[in-house]
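Going line by line, the protein sequences match chains A and B. Residue numbering for the first sequence follows our numbering, beginning at 202 and increasing consecutively. Residue numbering for the second sequence follows our numbering, beginning at 5 and increasing consecutively. Yeah, the Cβ is synthetic: ideal placement off N, Cα and C, and Gly gets one too. Just so we're clear, the structure is a prediction, and the values are computed from it rather than from any experiment. Shown next, in structure tokens, is the structure this report addresses.
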Amino acid sequence: MMNPQDEILKKFQTVSENPHEYARSIKEQTGKKIIGFFCSYTPEELLQAAGVVPFRLFGTARDIELAESHLQSYCCSLVRGGLEDALRGRLDFMEGTVFPHTCDSIQRLSDIWRLNAGFDVHIDAVMPVKLNTPSARKYMVDVLAGVRKDLEKSLNITITDHAISESIELYNRIRSSLLSLYRMRSRKPAVIPQSAVYHTMKAAMVMDRAEFAKDLEALVASLEKLPVKDVETVRKRIMLSGGICNQPDIYKIIDKAGGEVVWDDLCTGLRYAAGFIEESNQPIEALANRYTRRIVCPAKHASITARGESLLAEVHKQKIDGVVFLHLKFCDPHAFDYPYLKDFLGRENVPSMLLEIEEQAPPEGQLRTRFETFIDML
Amino acid sequence: MSDMNKKTVDPGKDNRKIKSVSRMKEIMTHYYIDAKTARESGKKVAWITSGGPVEPLIAMDVIPVYPENHGAMVGASKMGVDLCQKAEEMGYSSDLCSYARADIACAATQGGPIGGLPEPDFLVCCNNICGTVLKWYEVAARYYKVPLFILDTPFIHREMRKEAQQYVMSQIEEYIAFLEAQCGRKMDYDRMTDVGRLAVEGLRLWQAVLDTAAHKPSPITAFDLFFHLGLIVTLRGTQVTVDYYQGLLDEMNERIANNIAMVPGEKYRLLWDNLPVWYKTRWLSDKFASHKACLVADTYTSAWSGVLPLIDEDRFLETMSLSYSQVYINISHDMMIDKLSEMIRKYDADGLVMHSNRSCKPYSLGQYDLQKMVMEQLGIPTLIIEADMVDERHFAESQIETRIDAFMETLKS
Ligand code: SF4
Ligand code: SF4
Chain A
202 MMNPQDEILK
212 KFQTVSENPH
222 EYARSIKEQT
232 GKKIIGFFCS
242 YTPEELLQAA
252 GVVPFRLFGT
262 ARDIELAESH
272 LQSYCCSLVR
282 GGLEDALRGR
292 LDFMEGTVFP
302 HTCDSIQRLS
312 DIWRLNAGFD
322 VHIDAVMPVK
332 LNTPSARKYM
342 VDVLAGVRKD
352 LEKSLNITIT
362 DHAISESIEL
372 YNRIRSSLLS
382 LYRMRSRKPA
392 VIPQSAVYHT
402 MKAAMVMDRA
412 EFAKDLEALV
422 ASLEKLPVKD
432 VETVRKRIML
442 SGGICNQPDI
452 YKIIDKAGGE
462 VVWDDLCTGL
472 RYAAGFIEES
482 NQPIEALANR
492 YTRRIVCPAK
502 HASITARGES
512 LLAEVHKQKI
522 DGVVFLHLKF
532 CDPHAFDYPY
542 LKDFLGRENV
552 PSMLLEIEEQ
562 APPEGQLRTR
572 FETFIDML
Chain B
5 MSDMNKKTVD
15 PGKDNRKIKS
25 VSRMKEIMTH
35 YYIDAKTARE
45 SGKKVAWITS
55 GGPVEPLIAM
65 DVIPVYPENH
75 GAMVGASKMG
85 VDLCQKAEEM
95 GYSSDLCSYA
105 RADIACAATQ
115 GGPIGGLPEP
125 DFLVCCNNIC
135 GTVLKWYEVA
145 ARYYKVPLFI
155 LDTPFIHREM
165 RKEAQQYVMS
175 QIEEYIAFLE
185 AQCGRKMDYD
195 RMTDVGRLAV
205 EGLRLWQAVL
215 DTAAHKPSPI
225 TAFDLFFHLG
235 LIVTLRGTQV
245 TVDYYQGLLD
255 EMNERIANNI
265 AMVPGEKYRL
275 LWDNLPVWYK
285 TRWLSDKFAS
295 HKACLVADTY
305 TSAWSGVLPL
315 IDEDRFLETM
325 SLSYSQVYIN
335 ISHDMMIDKL
345 SEMIRKYDAD
355 GLVMHSNRSC
365 KPYSLGQYDL
375 QKMVMEQLGI
385 PTLIIEADMV
395 DERHFAESQI
405 ETRIDAFMET
415 LKS
């Protein structure tokens, strides 16, 4: 018989490898509606409060055909791949989509999606781009209140403050367990393979959240009991930084090359898990506060050096030996930040490398050589 | 064809030269000299995005400098590839906007057509055109270590929501407070009112110039407009600009009276979408003219005056939040189609040429859908040219030539 932790991890991996299949089954079993989203600025807590399962879209790496007639080739694979999935009917289990405003490509995708993908529900959450002024915070609150209203209207339901508060509690549970998992992994990397953390993160963005919270808590509890020592290994401690990571193989290759991914600053990683929400009687304000305080994404503005500072702080705190920037090709916000982040690290002698991912990740052999060279240098 | 031949074939060439061109060059030269010597004359310099509200700067006697206008100069003087490559060596991806790349490289190397832009005292970034400018201005703010003001104009997918309007309105107040702090003095609101009036007058005259192209044959082409646009972007809200466009308008009306066509024997009238291909304007202009096709209007040069109906000149500051938020590129393409249809009708265009500009994702993504809408709703032929406004490495001349020829054949048949 499997250990409890192995069983849960296996479940997460299955979901992570076949999210669409999972979504279909959950819809069938529970009758819950499913709403898709692309970005960690989506107020999932409101979707959850609406009784909906929020479902993160990762795009497809498979051949782009239908999206070709809507999007030029100079557009990231997430946007093109996401549209391809929608146009091919692979997302037919979804009721619709919520689009928070982030980059120029997503901004245009939202309209192309609304006009072509044929879903019933389409909500634009045009959030502020700057997060560091009182008027922007007020506007953030207004936008979140607007999303709540839009959801109520399109699903023909009422979302009570109570439901939002419950949802916030649930998300706090999830996020604090995810953070425990990250911390545990950073302290004792041998406790769980990094690719398993990857699958856990992906499951976190897809699964029925109440079910996921229970599984995750059980996982963390049983991992904590494992007799793994705090051994210092000779392996190099790596941090990933970038947007979305949809490449489980990368962890395996870094592992084989002698590196240990112990921390990240990814949209599908710590940026998703970070940020506790106050459990107050003003839930919408509390949600806005999380967004204005959380580690910032490059498509938003907190200050001109906010990202550099938080990256460096984590590098020191987690004793990182080297940073791997993981960018999707044609992603403007990340590409603009790269030179200064690299410079910030360089000034403190922290080596970094950039891996740009096109529609597909580079072939394994090439990846291995690049990672080996980088890790040897550390 | 030799020069001799050209003269005999084209006796009207001198007639067609726009006389205002030299005046424009004069004004722009003075403007750049003023900007470059601002330190000596004790004036402040602000960098501002092309879609940003310049009027308060003018009212505060700050010299506005436009990196994008500079980017266009880089493109037109064919220095784009070299500068873009320099930025790439600095670590900036070759997929980023070529205005930003060229400008970042100019700052670092004091290169480019005018030896780099004058250094800013502060930066004003309005994201009504794109998210690129936010990142680009963050780069500039770190490089020059100067304050950055961000005017955040939420994108409009279907309608401008009330809360967005309030948000922009409160930022206009913050903007003025920021300027007062930077300049160390209060805004003179009477002056601001005058500047607002001049801005509106300039915009009206510019729109009137654009409208002359509705006449058949058109006295002007979009390629000329790309050049004459300079002042409405950079010096909106000044008397110089008003006088200049009055002169240009008079000149165009005179041409209409004398029936002077910018494209001799004009037979086809086309609309252009997106930014110009700066390093190829001449080539493209000749190419279309050789088919007797005139580019009578475009979505780019009309973007500034396109919001005129939203501005109340007596309440300029209050109406600014509406007008600056609703510029052509800050709205969804199902909202764009209305404007595009209106233009196609107004200028009686026979076809639409779209520049799919890999530098400018917010302008270009969605063009394929827009193209379909134009064909279905208006039944006119369209052509898409894949290129870049400054980075010449993305211009496949022979391929584009073939496509233009083929497109013109379908128009003719
Ligand atoms: S990866 Fe970059 S370009 Fe693509 S959707 Fe995300 S932020 Fe936008
Ligand atoms: S060309 Fe496009 S992306 Fe570049 S600054 Fe202008 S609007 Fe922004």
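Bounding residues of the alpha helix (DSSP H) (the contiguous stretch that carries residue i)
i: B/Ile-236; result: 234-238
i: A/Ser-366; result: 362-388
i: A/Gly-523; result: Not the alpha helix (DSSP H): A/Gly-523 falls in the beta strand (DSSP E), residues 523-529.
i: B/Pro-68; result: From DSSP, B/Pro-68 is part of no alpha helix (DSSP H) but of the beta strand (DSSP E) over 67-69.
i: B/Phe-320; result: 320-329
i: B/Cys-88; result: 84-93
i: B/Tyr-372; result: 371-382
i: B/Gly-135; result: Unbroken run through B/Gly-135: none, as it is neither H nor E.
i: B/Gln-243; result: 243-261
i: A/Ile-275; result: In the sequence as displayed, the identity of residue 275 of chain A is Tyr instead of Ile. It is not in any alpha helix (DSSP H) - A/Tyr-275 carries neither H nor E in the DSSP assignment.
Proximity test, Cβ basis, 9 Å: residue i and chain A
i: B/Ser-24; result: no
i: B/Asp-107; result: no
i: B/Glu-322; result: no
i: B/Gln-170; result: yes
i: B/Pro-60; result: no
i: B/Gly-56; result: no
i: B/Ser-102; result: no
i: B/Ser-345; result: no
i: B/Asn-19; result: no
i: B/Ala-99; result: Strictly speaking, residue 99 of chain B in this sequence is Asp, with Ala absent from that position. Interface residue, yes.
i: B/Arg-162; result: yes
i: B/Gln-89; result: no
i: B/Asn-9; result: Per-residue confidence for B/Asn-9 stands at a pLDDT of 43, beneath the threshold of 50, marking its modelled position as unreliable; no derived number is given.
Residues that DSSP places opposite residue i in a beta bridge
i: B/Trp-4; result: Nothing about residue 4 of chain B can be reported from this structure: the residues present for chain B run from 5 to 417 only.
i: B/Ala-39; result: B/Ala-39 is not bridged to any residue.
i: A/Val-462; result: A/Ile-439
i: B/Cys-130; result: B/Leu-155
i: B/Arg-273; result: B/Cys-298
i: A/Asp-325; result: A/Phe-300
i: B/Ile-52; result: B/Val-128
i: B/Gly-355; result: B/Leu-274
i: A/His-502; result: A/Lys-331
i: A/Val-254; result: A/Ile-235
i: B/Asn-361; result: B/Ala-391
Any chain B beta carbon closer than 9 Å to residue i
i: A/Arg-309; result: yes
i: A/His-221; result: no
i: A/Gly-444; result: no
i: A/Ser-336; result: yes
i: A/Leu-316; result: yes
i: A/Tyr-242; result: no
i: A/Pro-484; result: no
i: A/Val-525; result: no
i: A/Lys-331; result: yes
i: A/Ser-306; result: yes
i: A/Pro-563; result: no
i: A/Gly-347; result: yes
i: A/Ile-358; result: no
Span of the beta strand (DSSP E) around residue i
i: A/Val-497; result: Run containing A/Val-497: none; DSSP gives neither H nor E here.
i: A/Trp-314; result: It is not in any beta strand (DSSP E) - A/Trp-314 instead sits in the alpha helix (DSSP H) that spans 305-317.
i: A/Met-554; result: 553-558
i: B/Leu-386; result: The identity of residue 386 of chain B in the sequence shown is Thr, whereas the question assumes Leu. From DSSP, the beta strand (DSSP E) with B/Thr-386 extends over 386-391.
i: A/Ile-576; result: Counting along the chain, A/Ile-576 falls outside any beta strand (DSSP E), though it belongs to the alpha helix (DSSP H) covering 565-578.
Contacts that residue i makes with chain E (C-beta to C-beta distance below 8 Å)
i: A/Ser-270; result: The chain inventory of the structure shown lacks chain E, comprising the protein chains A and B.
Item checked: Ranges of the alpha helix (DSSP H) found wholly within the region 161-229 of chain B, counting only runs of at least 4 -> 166-187 and 193-215
Next item on the list: Would you list, in sequence order, the uninterrupted beta strand (DSSP E) runs of no fewer than 3 residues that lie entirely inside the region 217-249 of chain A?
Entry: 234-238
Margin query: Counting beta carbon pairs with one atom in the region 435-442 of chain A and one in the region 456-476 of chain A, are three or more of them shorter than 8 Å?
Written below: yes
Notebook entry, point to check: Do the region 135-147 of chain B and the region 531-541 of chain A make contact, defined as three or more Cβ pairs closer than 8 Å?
Noted result: yes
Notebook entry, point to check: For the 8 Å Cβ check, are there 3 or more pairs between the region 297-314 of chain B and the region 327-345 of chain B?
Noted result: yes
Check: If you pair each beta-carbon of the region 96-106 of chain B with each one of the region 386-396 of chain B, do three or more pairs fall below 8 Å?
Finding: yes
Next item on the list: May I have a chain-ordered list of the beta strand (DSSP E) segments no shorter than 3 residues that lie completely inside the region 337-363 of chain A?
Entry: none
Checklist line | Meets three-Cβ-pair contact criterion under 8 Å: the region 46-64 of chain B and the region 184-196 of chain B | finding: yes
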